[in-house]
Amino acid sequence: MAKIRQNNFLDTVDEVFTSARKAGVLHLHAEGDHFSGRTIQINGKSHFHFGTTGYLGLEQDQRLKEAAIRAIEQYGTQFPLSKSYISHPLYSSLEERVGVMYDTPVIITKNSTLGHLAVIPTAVRDEDGVILDHQVHWSVQNATSLLKTRGVPVEMIRHNNLEMLEDKIRQLSNKCQKVWYMADGVYSMYGDYAPVEELMELSKKYPQLHIYFDDVHGMSWNGENGTGYIKSVLKDLPENVLLFGTLSKTFGASGAVAISTDKKLYSKIKTFGGPLTFSAQLEPASVGAAIASANIHLSPEIYNLQAELQAGIGYFNKLLDKTELPLINKNTSPVFYIGTGMPVTGYIFVQRLLKEGFYVNLGIYPAVPVKNTGVRITISRHNKASDIKALVEAMEYHHPKALEETATNLTKVRKAFRMPVKTEMTKIEISPGMKLEIFDSIEKISKETWNSLFSGKGVLDWEGQLFLQNVFSGHEQNEYNWNFLYAVIRDVKDTIILAAPMTIALWKDDLLAPASTSLKVEGMRQQQGKYYLTSRVLSLGSMFTEGDHLYLNENDPEREKALGLLVDKMEEWESETSMIVLRDFDADTPLNNFFHDRGFVKANMPDCCFFEDFSWEGRGDFSSVLSKKSRRHFYKDIKPYEELVVVEVIEKVPEEYLTHFLKLYENVRQNNPGLNTFPFPPKLFAEMNGHPNWEFICLSLKQDKDRRGDLAGVMFCYKNSGKTYVPSFVGMDYDCTDDFSIYRQLLYHTILRAKELEFERIDFGLTASFEKKKLGAKVKSKVCYIQAKDNFSLELLETLQNSR
Numbered sequence: 105m106a107k108i109r110q111n112n113f114l115d116t117v118d119e120v121f122t123s124a125r126k127a128g129v130l131h132l133h134a135e136g137d138h139f140s141g142r143t144i145q146i147n148g149k150s151h152f153h154f155g156t157t158g159y160l161g162l163e164q165d166q167r168l169k170e171a172a173i174r175a176i177e178q179y180g181t182q183f184p185l186s187k188s189y190i191s192h193p194l195y196s197s198l199e200e201r202v203g204v205m206y207d208t209p210v211i212i213t214k215n216s217t218l219g220h221l222a223v224i225p226t227a228v229r230d231e232d233g234v235i236l237d238h239q240v241h242w243s244v245q246n247a248t249s250l251l252k253t254r255g256v257p258v259e260m261i262r263h264n265n266l267e268m269l270e271d272k273i274r275q276l277s278n279k280c281q282k283v284w285y286m287a288d289g290v291y292s293m294y295g296d297y298a299p300v301e302e303l304m305e306l307s308k309k310y311p312q313l314h315i316y317f318d319d320v321h322g323m324s325w326n327g328e329n330g331t332g333y334i335k336s337v338l339k340d341l342p343e344n345v346l347l348f349g350t351l352s353k354t355f356g357a358s359g360a361v362a363i364s365t366d367k368k369l370y371s372k373i374k375t376f377g378g379p380l381t382f383s384a385q386l387e388p389a390s391v392g393a394a395i396a397s398a399n400i401h402l403s404p405e406i407y408n409l410q411a412e413l414q415a416g417i418g419y420f421n422k423l424l425d426k427t428e429l430p431l432i433n434k435n436t437s438p439v440f441y442i443g444t445g446m447p448v449t450g451y452i453f454v455q456r457l458l459k460e461g462f463y464v465n466l467g468i469y470p471a472v473p474v475k476n477t478g479v480r481i482t483i484s485r486h487n488k489a490s491d492i493k494a495l496v497e498a499m500e501y502h503h504p505k506a507l508e509e510t511a512t513n514l515t516k517v518r519k520a521f522r523m524p525v526k527t528e529m530t531k532i533e534i535s536p537g538m539k540l541e542i543f544d545s546i547e548k549i550s551k552e553t554w555n556s557l558f559s560g561k562g563v564l565d566w567e568g569q570l571f572l573q574n575v576f577s578g579h580e581q582n583e584y585n586w587n588f589l590y591a592v593i594r595d596v597k598d599t600i601i602l603a604a605p606m607t608i609a610l611w612k613d614d615l616l617a618p619a620s621t622s623l624k625v626e627g628m629r630q631q632q633g634k635y636y637l638t639s640r641v642l643s644l645g646s647m648f649t650e651g652d653h654l655y656l657n658e659n660d661p662e663r664e665k666a667l668g669l670l671v672d673k674m675e676e677w678e679s680e681t682s683m684i685v686l687r688d689f690d691a692d693t694p695l696n697n698f699f700h701d702r703g704f705v706k707a708n709m710p711d712c713c714f715f716e717d718f719s720w721e722g723r724g725d726f727s728s729v730l731s732k733k734s735r736r737h738f739y740k741d742i743k744p745y746e747e748l749v750v751v752e753v754i755e756k757v758p759e760e761y762l763t764h765f766l767k768l769y770e771n772v773r774q775n776n777p778g779l780n781t782f783p784f785p786p787k788l789f790a791e792m793n794g795h796p797n798w799e800f801i802c803l804s805l806k807q808d809k810d811r812r813g814d815l816a817g818v819m820f821c822y823k824n825s826g827k828t829y830v831p832s833f834v835g836m837d838y839d840c841t842d843d844f845s846i847y848r849q850l851l852y853h854t855i856l857r858a859k860e861l862e863f864e865r866i867d868f869g870l871t872a873s874f875e876k877k878k879l880g881a882k883v884k885s886k887v888c889y890i891q892a893k894d895n896f897s898l899e900l901l902e903t904l905q906n907s908r
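In this note's numbering, the protein residues as written are 105 to 908.
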């Protein structure tokens, strides 16, 4: 595998959102000439509204509406000046009232996203460090990107993992004055809480620790004066805590609020805080509504509103307890999440509920991992008990229907969310009319049968797989031992519909990352150990192979059902692995939607290179198959160096050569952090030596007096049974690479050797496509599909990638 292109994240998000939009469950438009909060009109139909974040329903309170109207009439629709110059007359009243709520001066911002962009770069100094909770809101993560350009280290921990947090604090404490941990008070998707008391104990142990809480989903429905979940736990806000709340969502107006009891920090943010200084201020209507809401929050009425909401939350929990619905996190917040697992199941579930007259939110990537798609349900004071009861009854009926319609089941969903699975749920139905066989050795499959499917496909033929089984077994080191699995699916007539070689092996998580990120991770491994940020991965093929790892009978109408059966089986091995990787598919594969709907994220791979034009006659005529531009390159950068080297093809070398082979191979591997793999075991070269399917194209220097006769490069080539020549990897002495054009000479002589052996194709693999194209290789774009148990490793690597 090799590094992916860096637009993958945006491409994937666009693809996921586009699929959801086409399914009619995202980017919808509300209709009608009024809005009550209890119902919402979509596509001409009224639905009970279970998607609002206005949990107390204050956005419909008549007092807030009248205050907003009055503010417009008095001050206009906006006050178009920066607050750095002058605030409109209502601002001081709002700041005073919200300050009383929190019993400390506050800073009002336009919204929470702009607020984070203002506060975080001001609060975090160049000499500080930042640790992000994996699930902290995107707006917080986005604001920290500004810190990375200043060289501030930004790291990430698994969600609410205090042990990992403490490890990161210890690491950063040696080089940072303050260590900021950033988390949500109430998390927006699953509705779970930050472990506030444990975090405060940790801050006593590590005085450098400062905590940044985004508590916008904890506001109003919780805490004294509705000041939120964090304040309900921390009655007195310590100086090492910076708190963010909201004046929108449950508060019922617009804007956000930052609270810090550190007077020096408060003054800095208030005086100059990026968007606070240069952005327009809140509109008069928003400020007027917020003042009216603050008056409610400062009155005993707020506790009556909170109690009414808690009654609805408790009733919903009570009803859910009587069902088999996979509630991901049971708590007392108004946010609930019912898992569906696959995106397509989520689409169907939401569609079914819409038809029944219930609007809910789809939880989808990147807010959650792709395989953790589900439905976010929010309870508000607008919802009546009868509405809640009807929703639970509808979900109890339609959830299993959506699972059945998308060929999944409750067991798979619960496993996807790491929830306990009842024993009676564990049976997986095999598709009728299909027979799935899994073998743990290629020797258990007929050579003739396997080669009829994979002959001509790299090292994937029967002989190549047996060779790999022998190499990657019997070692003390974990990374050298691979589990080989072979899937064969037949129809009722015993015709093979699908076949695939697979491995379970230890991969470096940064295998697909840019070189700069891998270099950072390798530095971390020097401290943490070589297995830091590594995972057991179940993949089609292996890290050694490239090409078409999946045989799928294109003429069989049941082929996608067979592929679904294979994916189901791979997911059964989930306890043994952290990730499934399906590779290497053409970029325009018609299977794209299938993989996406099953919960896989697409990753672009480097272009695949292959050579097929052997139409020239004599050796001197090779350039005739090249383009005009490539011909110029050949006669300038390759041909002149041919007389400076000696090329020899050897099938078996003296044993002492093998050590030198390993050294040359390691030179290339270590010089290519963009392809960051574990080294291959030394046993590999011994198994190659004398093997009938392997040979070495060895290149020595002819004229250099200091190194005359030394081996400067070697191409390790596999002869596939189906007339395909496979230069699997290369070894080089970098001291003489440029002077003698070693790599280009090896590519050229690989083509000559394949011609001599009368092969019909060369599989040049995925790397160095620029050089291979110059010698007439053709190029094809490739992608792989990744399904991770969670997105932690992928998002951590993205965080490292964007930091200096």
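The C-beta atom is built at its ideal place from N, Cα and C for all residues, glycine as well.
- Put simply, the backbone Cα of Ile-601 is about 29 Å away from that of Glu-119.
- Distance from the CA of Arg-201 to the CA of Ala-396, rounded to the nearest whole angstrom, comes to 10 Å.
- Counting only unbroken stretches of 4 or more residues, the alpha helix (DSSP H) elements lying wholly within the stretch 168 to 254 are 195 to 206, 216 to 227 and 242 to 252, in sequence order.
- Judged by their CB atoms, Phe-348 and Asp-319 are nearer to each other than the 8 Å cut-off.
- In this chain, the beta strand (DSSP E) harbouring Arg-640 covers 638 to 644.
- In the assembly as shown, Gly-794 is an exposed residue. Its beta-carbon has fewer than 16 other beta-carbons within 10 Å.
- Here Thr-510 is near Thr-449, since their CB atoms are less than 8 Å apart.
- Sixteen is the threshold: when 16 or more other Cβ atoms of the shown chains lie within 10 Å of the Cβ of Gly-645, as they do, the residue is buried.
- Secondary structure note for Thr-828: its beta strand (DSSP E) is the uninterrupted segment 828 to 836.
- Taking Ser-307 as the centre and dropping the five residues before and after it, the same chain places the C-beta of Leu-313, Ile-315 and Asn-344 closer than 7 Å to its C-beta, in chain order.
- The Cβ atoms of Gly-161 and Arg-485 lie closer than 8 Å to each other.
- Our two residues, Gly-141 and Gly-327, have alpha carbons roughly 23 Å apart in a direct line.
- The beta-carbon separation of Ala-498 and Phe-453, rounded to 10 Å, does not stay under the 8 Å limit for a contact.
- Here the alpha carbon of Phe-800 sits roughly 21 Å from the alpha carbon of Gly-651.
- Of all alpha-carbon atoms in Glu-755, Ala-816, Asn-824 and Phe-714, the one lying nearest the alpha-carbon of Phe-874 is that of Phe-714.
- Under DSSP, Ala-384 shares a beta bridge with Ser-186.
- If you ignore the 5 residues before and after Leu-850, its C-beta comes within less than 7 Å of the C-beta of Ile-801, Leu-803, Gly-817, Met-819 and Val-834, all in its own chain and listed in chain order.
- Here the stretch 218 to 227 does not lie against the stretch 419 to 428, with fewer than 3 beta-carbon pairs under 8 Å apart.
- Per DSSP, the continuous alpha helix (DSSP H) segment holding Phe-765 begins and ends at 759 to 774.
- Cβ-Cβ distances below 6 Å link Phe-689 to Val-887 in the same chain, with the five nearest sequence neighbours on each side left out; the list follows chain order.
- Under DSSP, Trp-284 takes part in a beta bridge, and its partners are Val-234 and His-314.
- By the criterion of at least three beta-carbon pairs nearer than 8 Å, the stretch 741 to 752 is in contact with the stretch 837 to 852.
- The C-beta distance from Val-300 to Val-244 rounds to 17 Å, too long to meet the 8 Å contact threshold.
- Beta-bridge partners of Gln-166 (DSSP): none assigned.
- In the three-state scheme derived from DSSP, where H, G and I count as helix and E and B as strand, Phe-800 is classed as strand.
- The criterion of a C-beta distance shorter than 8 Å is satisfied by Leu-637 and Asp-614.
- In this structure, the straight-line span from the alpha carbon of Gly-136 to that of Gln-891 is close to 41 Å.
- Here Leu-861 is exposed. Its C-beta has fewer than 16 other C-beta atoms within 10 Å.
- Taken in chain order, the complete beta strand (DSSP E) segments of 3 or more residues contained in the stretch 472 to 540 are 477 to 482.
- Less than 8 Å separates the beta-carbon of Ala-175 from that of Ala-389.
- When Asn-697, Leu-130 and Ile-608 are compared, the shortest CA-CA separation from Asp-544 is found for Ile-608.
- Restricting attention to Lys-878, Ala-707 and Glu-716, the CA atom closest to the CA of Tyr-889 is found in Ala-707.
- Secondary structure of Glu-135 (DSSP, three-state): strand.
- Closest in C-alpha terms to Lys-282, from the list Asn-585, Pro-311 and Pro-504, comes Pro-311.
- Sorting Leu-250, Glu-267, Lys-272 and Ala-384 by C-alpha distance to the C-alpha of Glu-259 places Lys-272 at the top.
- For the 8 Å CB-CB criterion, Ile-542 and Trp-554 do not form a contact.
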